[in-house]
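In order, the protein sequences belong to chains A and B.
Sequential numbering of the first sequence, starting at 231, is according to the working numbering.
Sequential numbering of the second sequence, starting at 3, is according to the working numbering.
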Amino acid sequence: MCLAVPGRVLDIEERDGTRMANVDFGGVVKEVCLEYLPDLQVGEYAIVHVGFALQRLDEESARHTLELFADLGMLQEEFGDPWELAAREGGFVFPSDLPSDGDAEREEAR
Amino acid sequence: MKYIDEFQDPELARRLLDDIHATVTRPWALMEVCGGQTHTIIRHGIDQLLPDQVELIHGPGCPVCVTPLEVIDKALEIASRPGVIFCSFGDMLRVPGTDRDLFRVRSEGGDVRVVYSPLDALRIAQQNPQQQVVFFGIGFETTAPPNAMTVYQASKLGIRNFSLLVSHVRVPPAIEAIMQSPSCRVQGFLAAGHVCSVMGVGEYPELAERFKVPIVVTGFEPLDILEGVRRTVRQLERGEHRVENAYQRAVRPEGNPAAQAMLEDVFEVTDRAWRGIGTIARSGWKLSERYREFDAEQRFSVSGIRTLEPAACRAGEVLQGLLKPHECEAFGTTCTPRNPLGATMVSSEGACAAYYLYRRLDLNPAPARLEASPLV
Ligand code: SF4
Numbered sequence: 231m232c233l234a235v236p237g238r239v240l241d242i243e244e245r246d247g248t249r250m251a252n253v254d255f256g257g258v259v260k261e262v263c264l265e266y267l268p269d270l271q272v273g274e275y276a277i278v279h280v281g282f283a284l285q286r287l288d289e290e291s292a293r294h295t296l297e298l299f300a301d302l303g304m305l306q307e308e309f310g311d312p313w314e315l316a317a318r319e320g321g322f323v324f325p326s327d328l329p330s331d332g333d334a335e336r337e338e339a340r
Numbered sequence: 003m004k005y006i007d008e009f010q011d012p013e014l015a016r017r018l019l020d021d022i023h024a025t026v027t028r029p030w031a032l033m034e035v036c037g038g039q040t041h042t043i044i045r046h047g048i049d050q051l052l053p054d055q056v057e058l059i060h061g062p063g064c065p066v067c068v069t070p071l072e073v074i075d076k077a078l079e080i081a082s083r084p085g086v087i088f089c090s091f092g093d094m095l096r097v098p099g100t101d102r103d104l105f106r107v108r109s110e111g112g113d114v115r116v117v118y119s120p121l122d123a124l125r126i127a128q129q130n131p132q133q134q135v136v137f138f139g140i141g142f143e144t145t146a147p148p149n150a151m152t153v154y155q156a157s158k159l160g161i162r163n164f165s166l167l168v169s170h171v172r173v174p175p176a177i178e179a180i181m182q183s184p185s186c187r188v189q190g191f192l193a194a195g196h197v198c199s200v201m202g203v204g205e206y207p208e209l210a211e212r213f214k215v216p217i218v219v220t221g222f223e224p225l226d227i228l229e230g231v232r233r234t235v236r237q238l239e240r241g242e243h244r245v246e247n248a249y250q251r252a253v254r255p256e257g258n259p260a261a262q263a264m265l266e267d268v269f270e271v272t273d274r275a276w277r278g279i280g281t282i283a284r285s286g287w288k289l290s291e292r293y294r295e296f297d298a299e300q301r302f303s304v305s306g307i308r309t310l311e312p313a314a315c316r317a318g319e320v321l322q323g324l325l326k327p328h329e330c331e332a333f334g335t336t337c338t339p340r341n342p343l344g345a346t347m348v349s350s351e352g353a354c355a356a357y358y359l360y361r362r363l364d365l366n367p368a369p370a371r372l373e374a375s376p377l378v
């Protein structure tokens, strides 16, 4: 939950008097509130936490972080299906998990 | 080392490590405040790449872990009531209350929903005017502003069937409490970067001065951690105790003033209990008088809850850096991520879970692994 993920603003609109944007997090698009960064523009990057843009970020460091998070599977953790994640962590084995994909780190279920 | 490629820039990592190795002359104990940092450290084996003299102590900065059992039990109670839609972030689902968790409440018919943002919960309230929608508002200074904004919006739009179960916590009083503990061994802090993105660094100089402790604002990537350690060790070796910002790309000295203003409007500072640690003065937020009508604890009287901590769980000591997870007897035996006894084993940011997930069961210093690493 503490993870703040960098994303790029795709478009901005006013809704219920609130500045909202569609933000692209390396392929996953989410709705984000811009009220705390009111002058953020389309095309700019920001770190986003639970649907709120909190601080501007330059493009290079944003890209770098996104790539790293994607490699580490952290974007999946952040944006994947939370119920499935919780069930998995609770020991439920999904059919698609078999046979093992060889990722030793997730094989802790054994 | 398995994750070494993921340092992205192994050359830079090597240079930072070399510099740390060259600088250290004596043992130092540093605390990384944030659970996200703990996760990075364990996942990448950063603690094993550092010189033996540099010890990283894991701090209390996992919001899921420090939420008191009493609050979890209140959440479970409210979520079980008919007519209630209970909304939460996904990582609260399996945090154990006294006798169940939110996952269980849902399987027993409770309407528990996972949202990505607190604003999603507000929308659910708009769409379901006949029902009471409650959002579980936990977290540090990074999560509190979004929740504050949501309450502000609810008030502005006149949405009356929305409320917040609040258990927000603040980092600086926790640092103070850790430094004041007689058993404290911490000599330097890697401060939590995203907390500072919101709050800036203004609260830290006084702490650094009073406790003669360097505080280095640090990000979450492996290279960020190495740079944070490098700067902290450098200060310690020189006998300095300053506040430094090693996460400038996301932290401005003044933080985010708009978010701070909203926090001040919607919340007021209060004493808060931290799970496993106890009450720390002025260490949290509650809804201010003006927004008190959105307080779920008032809306649903949830008294008479009996709360029972599992006796075997030593999460309090883990959270204060007094005990490493594998030193707890229950670790990996009666306590695993499948059957967690404490929140530090449930949350993906919890220290116990990080140790378990990355199979750090044999944590006597492992020189063989160090030598095998291509980085040293
Ligand atoms: S290993 Fe389990 S029982 Fe031990 S401190 Fe961690 S969460 Fe508590």
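Heads up, the beta-carbon is just placed ideally off N, CA and C, and yes, glycines get one too.
Rounded distance between the beta-carbons of Leu32/B and Gln189/B, thought under 8 angstroms: 7 angstroms
Could you confirm whether any beta carbon from chain A is found closer than 8 angstroms to the beta carbon of Phe91/B? yes
Chain A residues whose Cβ lies nearer than 8 angstroms to that of Val320/B: The premise fails here: Val320/B is roughly 17 angstroms from chain A at the closest Cβ pair, so nothing lies under 8 angstroms.
Which of the three DSSP states, helix, strand or coil, is assigned to Ile180/B? helix
Contact list for Asn163/B against chain A, beta-carbon separation under 7 angstroms: Simply none; closest approach about 16 angstroms.
Just the chain B side, please: which residues come within less than 7 angstroms of Glu307/A by C-beta, in chain order? Ser350
Using the beta-carbon of each residue, which ones in chain A are nearer than 9 angstroms to Pro120/B? Val280, Gly281 and Phe282
Round the Cβ separation of Phe105/B and Arg96/B to the nearest angstrom and send it over; I've been treating them as touching at under 8 angstroms. 6 angstroms
Thinking just about the alpha-carbon of each residue, which of Phe309/A, Leu233/A and Leu298/A is nearest to the one in Cys36/B? Leu233/A
Could you pull out every residue in the same chain whose Cβ sits closer than 6 angstroms to the Cβ of Val320/B, ignoring the five residues on either side in sequence? Pro327, Thr346 and Ala353
Which of helix, strand or coil DSSP assigns to Asn247/B: strand
Does the distance from the C-beta atom of Ile217/B to that of Val245/B stay below 8 angstroms? yes
For Ala275/B, collect the residues of the same chain with a Cβ closer than 6 angstroms to its Cβ; drop the 5 residues on either side in sequence, then sort them by chain order. Pro70 and Thr281
Are any of the Cβ atoms in chain A nearer than 8 angstroms to that of Asn258/B? yes
List the residues of chain A whose Cβ lies closer than 7 angstroms to the Cβ of Arg251/B, in chain order. Leu287, Asp288 and Ser291
Buried or exposed for Gln82/B, going by 16 or more other Cβ atoms inside 10 Å? For the record, residue 82/B in the displayed sequence is Ser; it is not Gln. With 16 or more other Cβ atoms within 10 Å, it is buried.
In chain order, what residues of the same chain lie with their CB nearer than 7 angstroms to the CB of Leu175/B, ignoring the 5 residues before and after it? Correcting the residue identity first, residue 175/B is Pro in this sequence and not Leu. Cβ within range, chain order: Ile282, Ala283, Arg284 and Ser285.
Any idea what DSSP makes of Gln128/B, helix, strand or coil? helix
Can you name the start and end residues of the beta strand (DSSP E) that Pro236/A belongs to? Val235 to Arg245
Proximity below 8 angstroms, CB of Ile177/B to CB of Leu209/B: yes
Contact set between the stretch 178-197 of chain B and chain A, restricted to residues whose Cβ is under 7 angstroms from the partner: His196
Extract the residue ranges of the beta strand (DSSP E) inside the stretch 20-57 of chain B, only unbroken runs of 3 or more that lie entirely within it. 30-36
Excluding the 5 residues flanking Leu264/A on each side, which residues of the same chain have their C-beta closer than 6 angstroms to its C-beta? Arg249, Ala251, Leu270 and Ala283
Between Trp313/A and Ser109/B, what straight-line distance do the alpha-carbon atoms span, to the nearest angstrom? 11 angstroms
Scan the stretch 130-153 of chain B for residues whose Cβ lies nearer than 7 angstroms to a Cβ of chain A and list them as they occur along the chain. Gly141, Thr144, Thr145, Pro147, Pro148 and Met151
Determine, for Glu223/B, whether the minimum Cβ-Cβ distance to residues of chain A falls below 8 angstroms. yes
Below 9 angstroms between beta carbons is the criterion; list the residues of the stretch 231-258 of chain A that meet it against any residue of chain B, in chain order. Met231, Cys232, Leu233, Ala234, Pro236, Asp246, Gly247, Thr248 and Met250
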